[in-house]
Amino acid sequence: MDSETDMVRQIRALDSDMQTLVYENYNKFISATDTIRKMKNDFRKMEDEMDRLATNMAVITDFSARISATLQDRHERITKLAGVHALLRKLQFLFELPSRLTKCVELGAYGQAVRYQGRAQAVLQQYQHLPSFRAIQDDCQVITARLAQQLRQRFREGGSGAPEQAECVELLLALGEPAEELCEEFLAHARGRLEEELRSLEAELGPSPPAPDVLEFTDHGGSGFVGGLCQVAAAYQELFAAQGPAGAERLAAFARELGSRYFALTATISYILTLTDEQFLVQDQFPVTPVSTLCAEARETARRLLTHYVKVQGLVISQMLRKSVETRDWLSTLEPRNVRAVMKRVVEDTTAIDVQVGLLYEEGVRKAQSSDSSKRTFSVYSSSRQQGRYAPSYTPSAPMDTNLLSNIQKLFSERIDVFSPVEFNKVSVLTGIIKISLKTLLECVRLRTFGRFGLQQVQVDCHFLQLYLWRFVADEELVHLLLDEVVASAALRCPDPVPMEPSVVEVICERG
Amino acid sequence: MEDDAPVIYGLEFQIHIIDFDDENNIINKNVLLHQAGEIWHISASPADRGVLATCYNRTSDSKVLTCAAVWRMPKELESGTHESPDDSSSAAQTLELLCHLDNTAHSNMACVVWEPMGDGKKIISLADNHILLWDLQESSSQAVLASSASLEGKGQLKFTSGRWSPHHNCTQVATANDTTLRGWDTRSMSQIYCIENAHGQLVRDLDFNPNKQYYLASCGDDCKVKFWDTRNVTEPVKTLEEHSHWVWNVRYNHSHDQLVLTGSSDSRVILSNMVSISSEPFGHLVDDDDISDQEDHRSEEKSKEPLQDNVIATYEEHEDSVYAVDWSSADPWLFASLSYDGRLVINRVPRALKYHILL
Chain W
11 MDSETDMVRQ
21 IRALDSDMQT
31 LVYENYNKFI
41 SATDTIRKMK
51 NDFRKMEDEM
61 DRLATNMAVI
71 TDFSARISAT
81 LQDRHERITK
91 LAGVHALLRK
101 LQFLFELPSR
111 LTKCVELGAY
121 GQAVRYQGRA
131 QAVLQQYQHL
141 PSFRAIQDDC
151 QVITARLAQQ
161 LRQRFREGGS
171 GAPEQAECVE
181 LLLALGEPAE
191 ELCEEFLAHA
201 RGRLEEELRS
211 LEAELGPSPP
221 APDVLEFTDH
231 GGSGFVGGLC
241 QVAAAYQELF
251 AAQGPAGAER
261 LAAFARELGS
271 RYFALTATIS
281 YILTLTDEQF
291 LVQDQFPVTP
301 VSTLCAEARE
311 TARRLLTHYV
321 KVQGLVISQM
331 LRKSVETRDW
341 LSTLEPRNVR
351 AVMKRVVEDT
361 TAIDVQVGLL
371 YEEGVRKAQS
381 SDSSKRTFSV
391 YSSSRQQGRY
401 APSYTPSAPM
411 DTNLLSNIQK
421 LFSERIDVFS
431 PVEFNKVSVL
441 TGIIKISLKT
451 LLECVRLRTF
461 GRFGLQQVQV
471 DCHFLQLYLW
481 RFVADEELVH
491 LLLDEVVASA
501 ALRCPDPVPM
511 EPSVVEVICE
521 RG
Chain R
2 MEDDAPVIYG
12 LEFQIHIIDF
22 DDENNIINKN
32 VLLHQAGEIW
42 HISASPADRG
52 VLATCYNRTS
62 DSKVLTCAAV
72 WRMPKELESG
82 THESPDDSSS
92 AAQTLELLCH
102 LDNTAHSNMA
112 CVVWEPMGDG
122 KKIISLADNH
132 ILLWDLQESS
142 SQAVLASSAS
152 LEGKGQLKFT
162 SGRWSPHHNC
172 TQVATANDTT
182 LRGWDTRSMS
192 QIYCIENAHG
202 QLVRDLDFNP
212 NKQYYLASCG
222 DDCKVKFWDT
232 RNVTEPVKTL
242 EEHSHWVWNV
252 RYNHSHDQLV
262 LTGSSDSRVI
272 LSNMVSISSE
282 PFGHLVDDDD
292 ISDQEDHRSE
302 EKSKEPLQDN
312 VIATYEEHED
322 SVYAVDWSSA
332 DPWLFASLSY
342 DGRLVINRVP
352 RALKYHILL
């Protein structure tokens, strides 16, 4: 019975479903038929309108033909008159040309003069045989010669800045002066100016004490010499581009010669090279190989200089850390109350280097910082502490286990490359320096034996370094790892390892 | 023995003797206790396989003293028996103390070197700024100070390492203190040569070329390895700068001196081929035996140009600083390296190079 009622219910449900479906579709069919009927009507109307359009168009064409026929004559006459008018205007220009040129020369509007000259030149050439034109041409030539002379004068004076010189040269070229001479003179002038710059740089470097501040010197050199050289090169390119390969070669030779002299002067300064890199890169589209090899050489030298700088700075800090570890008596040291002065000096020096390098280089890319990075405690240490393995008496098994932990950790973390290639940005430079210094600290710590308080002092010092050094490096995990390793190594070197409470460590560091 | 090459290294208060069977590539380990103190330097006697000398730290009333002593290994271990690795029931055995290199007069011993190819009777120890030559008498149970030399100068001079030259009838010793290398004559205990500022920073280790009398190599904290001719000490003959941190060890191969091994705290071991300054700069020349042929074998001459120096291989199996590397005395193509985390890696010279050198 139940199943029967069930089935009945189901059948009824299915029935109603079917009905709703049909109703819905029915509506759709109805609406479709309606739409089609409407479309038929609309199309019929459109056809009518199209027919009307066609007849109108025929009428219009008719009219238009009639109008153009009537106006044909007038049209021709007007064109002819317009043409004559233009010609007359040109003739007037030509007749007035000499006087106009003279006025321009007097006023010093050389550019305009040259432009007029250019425009007139072709026509005058063509109609030379006509005496009147001839006269005009002669006059113009005289004036042009005078103009050229004046331009040369201005060019030679050289007192004017580069853009003006460039303008002169441009104009002279437009006047059809021989390009090679101009090339030579232009380069000669540029050379004169740049040599002056070089001489002043040399003088600065010379015996006069005190040696100038590196940054000032580089700024001076950079803006003065390099800027000048780049301007010259750019202008030259623009002006003499048409001269083809000969001109290009000359420019390359010129640039190379002066460039090498300049590099010789500023051999110890990497900033210049990077700047030149940037500047010369701008001109890289110029298809001359000497420029690109110069680029490559400059880049290579810059890289080596930078590497050397990082090594030297790293060495300075390393020596400080080394002395601090080697000369202290770690066995009988007292309970630490402060962070050691040498650590504060290390942080100060690193900050100073950061500022200095920041002036020359851009920031570089850093991995995203965690907000609580400064609160992080030493992982190997804390995990082993939690396991309560540090019995007061020294047992061989305890350090083995922490050793095992740290070894396993090391297997899974990336091996730190103490000296990976340094990129041209501030963060990379500082990372290199900090890596070298911390590695030195690690090696020195491994060579000494620590008493309990000695170990705690190392713990405090490392925490302090961690608080301040993480923001200088690309990947703050690096600093954590190295400092962890320092403390772990110190713990291994301690016969009585009892670490200080992390809260106490933090208090001491904050006080420092 | 031809089959195996026991390696010894000191780990805290233990000495581990590792037997390497190179035919089957099996490693066995035996542990010896060295209770006197923490070992900082170890060297084996060239004459008696079971005798070795150590420099160790002893802590007494919060002062650390480094002393030196000569020990003997238990008999079963020195013959290098192949115990099965499951036999861990054998407890760690103790070294038998033969004699102390008594240093009450001087403070800290930095290193101990045996006279190579000698009868195991002469030993030199470096303590602070003194070189001490000892005579071991009565089967090494007593050490008598034969002679000594001191380094005079301002500041605290301290020897860091030393090496006994196998040439000149074993009468020369070279030492390193800070950045200076010095050569001494053991008969008169006087300085023969002195290389100032050999390295920019501390010199860590040095080694003599086994085939060329006047050549030695040194390595230091300036990440460089330099090769010197002691007849002309103004400039190194060659400088290698392959490492990126302090180089702790440099070792010549005992027979083929063009193979040089260096270990550094940048966790790398580098095997270099220093052909141009080796005893065979032109490669293997035709032997006299081969010329006895009537045929024109002589026309096939090897090229007469000196071969190029190069880095043969860089071994990066260590995860931490490598503090010691050395060649096997049994098999000239085998070497081992040891790093801070206790990892000992045994490697071979690449076969291609080995055949190239031999043939």
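Protein chains in written order, with my numbering: chain W, 11 to 522; chain R, 2 to 360.
Note that CB positions come from ideal geometry on N, CA and C, so glycine has one too.
#1: What's the C-alpha gap between W:T317 and R:S273?
#2: Start and end of the alpha helix (DSSP H) containing R:Y253?
#3: Compare the C-beta of R:K64 with all C-beta atoms of chain W and state if any pair is closer than 9 Å.
#4: Just mark W:A498 as buried or exposed, buried being the case when its beta carbon has 16 or more other beta carbons within 10 Å.
#5: Could you tell me which chain W residues have their CB closer than 9 Å to the CB of R:S322, listed as they occur along the chain?
#6: Is there a Cβ of chain R sitting closer than 9 Å to that of W:S499, yes or no?
#7: With contact counted as at least three CB pairs below 8 Å, one residue from each stretch, are the stretch 148-163 of chain R and the stretch 171-191 of chain R in contact?
#8: Check for me: the beta strand (DSSP E) holding R:H131 runs from which residue to which?
#9: W:M11: buried (16+ other C-beta within 10 angstroms of its C-beta) or exposed?
#10: Taking the Cβ atom as the reference point for each residue, do W:V515 and W:V496 lie within a distance shorter than 9 Å?
#11: In whole angstroms, give me the CA-to-CA distance for R:D361 and R:C56.
#12: Rounded to whole angstroms, how far is the Cβ of R:S44 from the Cβ of R:W115, which I believe are closer than 8 Å?
#13: Let me see if you follow: with CB-CB separation under 9 Å, is R:S89 close to chain W or not?
#14: Below 8 Å, how does it come out for the stretch 435-448 of chain W and the stretch 327-336 of chain W: are there three or more Cβ pairs, yes or no?
#15: Looking at chain R, which residues of the stretch 459-490 of chain W have a Cβ within less than 8 Å of any of its Cβ atoms?
#16: Indicate whether the contact test is met: 3 or more Cβ pairs, each with one atom in the stretch 309-322 of chain R and one in the stretch 24-34 of chain R, closer than 8 Å.
#17: With C-beta atoms as the reference, is R:A199 less than 9 Å away from R:I124?
#18: What would DSSP say about W:V508, mapped onto helix, strand or coil?
#19: Using the beta-carbon count (16 or more within 10 Å), is W:M60 buried or exposed?
#20: Considering only their Cβ atoms, is the gap separating R:D206 from R:S166 smaller than 9 Å?
#21: What are the boundary residues of the beta strand (DSSP E) that W:N35 is part of?
#22: Going by DSSP, which residues form a beta bridge with R:T181?
#23: Short check: CB of W:G181 to CB of W:Y120, under 9 Å?
#24: What does a CB cutoff of less than 6 Å around R:G264 pick up in its chain, not counting 5 residues either side in sequence?
#25: In angstroms, rounded to a whole number, what distance separates the CA positions of W:V335 and W:R350?
#26: Can you tell which of R:R232, R:P75, R:F228, R:N233 has its C-alpha closest to the C-alpha of R:Q259?
#27: Is any beta-carbon of chain W found at less than 9 Å from that of R:V346?
#28: Answer yes or no: do W:P431 and W:R313 have a C-beta to C-beta separation smaller than 9 Å?
#29: Closer than 8 Å by beta-carbon distance: list the chain R residues that pair up with W:L344, in chain order.
#30: By Cβ distance, which residues of its chain are closer than 8 Å to R:K239, with the 5 residues on each side in sequence left out?
#31: Between which two residues does the beta strand (DSSP E) holding R:C112 run?
#32: Chain B beta carbons: is any one of them nearer than 9 Å to that of W:P512?
#33: Would you say W:P507 faces chain R, with C-beta separation under 9 Å as the test?
#34: Which bits of chain W does R:N29 rub up against, with CB to CB less than 8 Å?
#35: 9 Å is my cut-off, CB to CB: does W:L341 come that close to chain R?
#36: Please list the residues of the stretch 169-194 of chain R that have a C-beta atom closer than 8 Å to any C-beta atom in chain W, keeping them in chain order.
By the coordinates alone:
#1: Counting from one through the first sequence, the residue named residue 317 of chain W turns up at place 307. Counting from one through the second sequence, the residue named residue 273 of chain R turns up at place 272. It is roughly 24 Å from the alpha-carbon of W:T317 to the alpha-carbon of R:S273.
#2: Locating residue 253 of chain R in the second sequence gives position 252, counting from the first residue. Annotation: R:Y253 is outside any alpha helix (DSSP H); the continuous beta strand (DSSP E) that includes it extends over 248-253.
#3: Translated into positions along the second sequence, residue 64 of chain R becomes position 63. So, interface residue.
#4: One-based indexing of the first sequence puts residue 498 of chain W at position 488. Answer is buried; the Cβ neighbour count reaches 16.
#5: In the second sequence, the residue the question calls residue 322 of chain R occupies position 321. Neighbours of R:S322 on chain W, chain order: K449, L452, E453, R456.
#6: Within the first sequence, the letter at position 489 stands for residue 499 of chain W. Taking 9 Å as the threshold, the shortest C-beta distance from W:S499 to chain R falls below it.
#7: The stretch 148-163 of chain R is in contact with the stretch 171-191 of chain R.
#8: One-based indexing of the second sequence puts residue 131 of chain R at position 130. Start and end: 131-138.
#9: Taking the first sequence and counting its residues from 1, the one referred to as residue 11 of chain W is at position 1. W:M11 counts as exposed, since fewer than 16 other C-beta atoms from the protein chains shown sit within 10 angstroms of its C-beta.
#10: Within the first sequence, residue 515 of chain W is the residue found at index 505, counting from 1. Within the first sequence, residue 496 of chain W is the residue found at index 486, counting from 1. At a Cβ-Cβ threshold of 9 Å, W:V515 and W:V496 do not count as neighbours.
#11: What the structure shows of chain R is the stretch from 2 to 360, and residue 361 of chain R is not part of that stretch, so it cannot be assessed.
#12: Position 43 of the second sequence, counted from the start, is the residue given in the question as residue 44 of chain R. Position 114 of the second sequence, counted from the start, is the residue given in the question as residue 115 of chain R. R:W115 and R:S44 do touch by the CB rule: their CB atoms are close to 6 Å apart, below 8 Å.
#13: Within the second sequence, residue 89 of chain R is the residue found at index 88, counting from 1. In this prediction, R:S89 scores a pLDDT of 43, lower than 50, which makes its location untrustworthy; the coordinate-derived value is nonetheless stated afterwards. With a threshold of 9 Å between beta carbons, R:S89 makes no contact with chain W.
#14: Yes: the two stretches touch, three or more of their Cβ pairs being nearer than 8 Å.
#15: Taking 8 Å as the cut-off between beta carbons, the residues of the stretch 459-490 of chain W near chain R are T459, G461, in sequence order.
#16: Output reads no: the stretch 24-34 of chain R does not touch the stretch 309-322 of chain R.
#17: Counting from 1 along the second sequence, the entry for residue 199 of chain R is found at position 198. Counting from 1 along the second sequence, the entry for residue 124 of chain R is found at position 123. With contacts defined as CB atoms closer than 9 Å, R:A199 and R:I124 fail to qualify as a contacting pair.
#18: Here residue 508 of chain W refers to the residue found at position 498 of the first sequence. The answer is coil: DSSP assigns W:V508 none of H, G, I, E or B.
#19: Position 50 of the first sequence holds residue 60 of chain W. Classification for W:M60: exposed.
#20: One-based indexing of the second sequence puts residue 166 of chain R at position 165. One-based indexing of the second sequence puts residue 206 of chain R at position 205. With contacts defined as CB atoms closer than 9 Å, R:S166 and R:D206 fail to qualify as a contacting pair.
#21: Translated into positions along the first sequence, residue 35 of chain W becomes position 25. Premise fails: W:N35 lies in the alpha helix (DSSP H), 12-117, not in any beta strand (DSSP E).
#22: By 1-based counting over the second sequence, the position of residue 181 of chain R is 180. Under DSSP, R:T181 shares a beta bridge with R:N178.
#23: For the purposes of this step, residue 181 of chain W is identified with residue 171 of the first sequence, where counting begins at 1. For the purposes of this step, residue 120 of chain W is identified with residue 110 of the first sequence, where counting begins at 1. Going by the sequence as given, residue 181 of chain W is Leu instead of Gly. For W:L181 and W:Y120, yes; Cβs fall inside 9 Å.
#24: What you label residue 264 of chain R is simply residue 263 of the second sequence in a count that begins at 1. Here the set comprises W249, N250, V270, V323, V326, S338.
#25: Counting from 1 along the first sequence, the entry for residue 335 of chain W is found at position 325. Counting from 1 along the first sequence, the entry for residue 350 of chain W is found at position 340. Taking the straight line from one Cα to the other gives about 11 Å.
#26: On the second sequence, residue 259 of chain R is found 258 positions in, with the first residue counted as 1. Of the candidates R:R232, R:P75, R:F228, R:N233, the one whose C-alpha sits nearest the C-alpha of R:Q259 is R:F228.
#27: Counting from 1 along the second sequence, the entry for residue 346 of chain R is found at position 345. Answer no: the Cβ-Cβ gap between R:V346 and chain W never drops below 9 Å.
#28: Numbered from 1 along the first sequence, position 421 holds the residue referred to as residue 431 of chain W. Numbered from 1 along the first sequence, position 303 holds the residue referred to as residue 313 of chain W. Going by beta carbons, W:P431 and W:R313 fall inside the 9 Å limit.
#29: As a working note, residue 344 of chain W is residue 334 in the first sequence. Chain R residues near W:L344: none, gap ~12 Å exceeds 8 Å.
#30: Stepping through the second sequence from its first residue, residue 239 of chain R is reached at position 238. K227, F228, M275, S277, I278, D310.
#31: Your numbering for residue 112 of chain R matches position 111 in the second sequence. Residues 110-115.
#32: Note that chain B does not occur in the displayed structure, where the protein chains are W and R.
#33: As a working note, residue 507 of chain W is residue 497 in the first sequence. No, W:P507 does not count as interfacial toward chain R.
#34: Looking up residue 29 of chain R in the second sequence gives position 28. The premise fails here: R:N29 is roughly 20 Å from chain W at the closest Cβ pair, so nothing lies under 8 Å.
#35: In the first sequence, counting from the first residue as 1, residue 341 of chain W sits at position 331. It does; some Cβ of chain R falls within 9 Å.
#36: Taking 8 Å as the Cβ-Cβ cut-off against chain W, none of the residues of the stretch 169-194 of chain R qualify.
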